[in-house]
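Here is the structure we will look at, set down as structure tokens.
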Amino acid sequence: MANGEFFSTGNHPVEMLLPMIHLDAAGFDIDIATLSGDPVKLEMWAFPNEDESVKAIYEKYKEKIRSPLNLHNVWGNGFTNDTPYLAVFIPGGHGVLNGIPFSETVGNVLRWAHENKRYFITLCHGPASMLAADVGKPEGSKFIYDGYQIDVFPDTLDDQANVEIGYIPGKMEWYVGERLRKLGITPLNRGIDGAVYRDRLVLSGDSPLASNNLGKLAAKTLLEEVA
Numbered sequence: 001m002a003n004g005e006f007f008s009t010g011n012h013p014v015e016m017l018l019p020m021i022h023l024d025a026a027g028f029d030i031d032i033a034t035l036s037g038d039p040v041k042l043e044m045w046a047f048p049n050e051d052e053s054v055k056a057i058y059e060k061y062k063e064k065i066r067s068p069l070n071l072h073n074v075w076g077n078g079f080t081n082d083t084p085y086l087a088v089f090i091p092g093g094h095g096v097l098n099g100i101p102f103s104e105t106v107g108n109v110l111r112w113a114h115e116n117k118r119y120f121i122t123l124c125h126g127p128a129s130m131l132a133a134d135v136g137k138p139e140g141s142k143f144i145y146d147g148y149q150i151d152v153f154p155d156t157l158d159d160q161a162n163v164e165i166g167y168i169p170g171k172m173e174w175y176v177g178e179r180l181r182k183l184g185i186t187p188l189n190r191g192i193d194g195a196v197y198r199d200r201l202v203l204s205g206d207s208p209l210a211s212n213n214l215g216k217l218a219a220k221t222l223l224e225e226v227a
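Residues in the sequence shown are numbered consecutively from 1, following full-length UniProt numbering.
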């Protein structure tokens, strides 16, 4: 935080697991990776324990969540146009702001996806990861998402409401929408109501409220791609 305090966070379980329900039901295999290879840190306070579908997908992928792939190693195996991944999915939760937007490896994966016509799926604070596409890019090359429009968690909520209700313990060091705008990305939404948006191969959602809608859009889009 800007005031030097720490904030315990991670991936929002609804934002991660609800889209996974739709992708899994559509027949797609899902690999899970973290920058370190350490277990995925979920914001378990937000886990919907009353939702049997979410609990079921969590149990199905529990081992992958607890023992994920190391993204650096995955990238090191070599990515080409023949690499079988159809999409990259980065959910939100404030935890995505730590490391991922500044990772050259994440940037490499996103640039590979862009160059090889793979989809990028993200929501809430997840679009902060798009900043990584500006890290380690070839000298003189254009930022791949310049001119894109997305739905993303609004800066105004992090700057005001989330502080006022005590969700975060003070002002943030930086704000997602502000940084994205500087690189030519336009956030479309001002509030959060579950909106999703597709711009070319980027599928985005505004908040946890968009988790179900984004999952449906992603599954439909990928099924059409392989049809």
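Even glycine gets a Cβ: it sits at the ideal position worked out from N, Cα and C.
Since residue i contacts residue j with CB under 8 Å, what's their CB separation in whole angstroms?
| i | j | result |
| --- | --- | --- |
| Asn213 | Gly191 | With 8 Å as the limit, Asn213 and Gly191 do not qualify as a contact, their Cβ atoms being about 15 Å apart. |
| Phe143 | Trp112 | Wrong, their Cβ atoms sit about 15 Å apart, outside the cutoff. |
| Gly205 | Asp151 | 6 Å |
| Asn81 | Asn49 | The Cβ separation is near 42 Å, so there is no contact. |
| Gly107 | Ala132 | 4 Å |
| residue 240 | Tyr197 | There is no way to answer for residue 240, as the model of the chain reaches only from 1 to 227. |
| Ala33 | Leu86 | With 8 Å as the limit, Ala33 and Leu86 do not qualify as a contact, their Cβ atoms being about 15 Å apart. |
Looking at residue i: is its Cβ nearer than 7 Å to the Cβ of residue j?
| i | j | result |
| --- | --- | --- |
| Asn11 | Leu35 | no |
| Leu17 | Gly215 | no |
| Glu104 | Val74 | no |
| Ala218 | Leu203 | yes |
| Val176 | Ala128 | yes |
| Gly184 | Asp146 | yes |
| Gly91 | Gly126 | Per the sequence shown, residue 91 should be read as Pro rather than Gly. Yes. |
| Ala210 | Leu123 | yes |
| residue 228 | Phe153 | Absent from the structure is residue 228, since the part of the chain shown begins at 1 and ends at 227. |
| Phe47 | Pro13 | yes |
Using the beta-carbon count (16 or more within 10 Å), is residue i buried or exposed?
| i | result |
| --- | --- |
| Thr186 | exposed |
| Glu15 | buried |
| Pro84 | exposed |
| Leu188 | exposed |
| Arg181 | exposed |
| Arg200 | exposed |
| Asp31 | exposed |
| Asp38 | exposed |
| Leu223 | exposed |
| Gly95 | buried |
| Met20 | buried |
| Met130 | buried |
Counting pairs of beta carbons, one from the stretch 102-118 and one from the stretch 44-58, are three or more of them closer than 8 Å?
no
- If you scan the stretch 104-164 from start to end, which runs of the beta strand (DSSP E) of 3 or more residues do you find wholly inside it? 119-123
Q. Any contact of the stretch 21-30 with the stretch 65-72, i.e. 3+ C-beta pairs under 8 Å?
A. no
Every unbroken alpha helix (DSSP H) within the stretch 60-106, with a cutoff of 4 residues, ordered by chain = 62-66, 71-76
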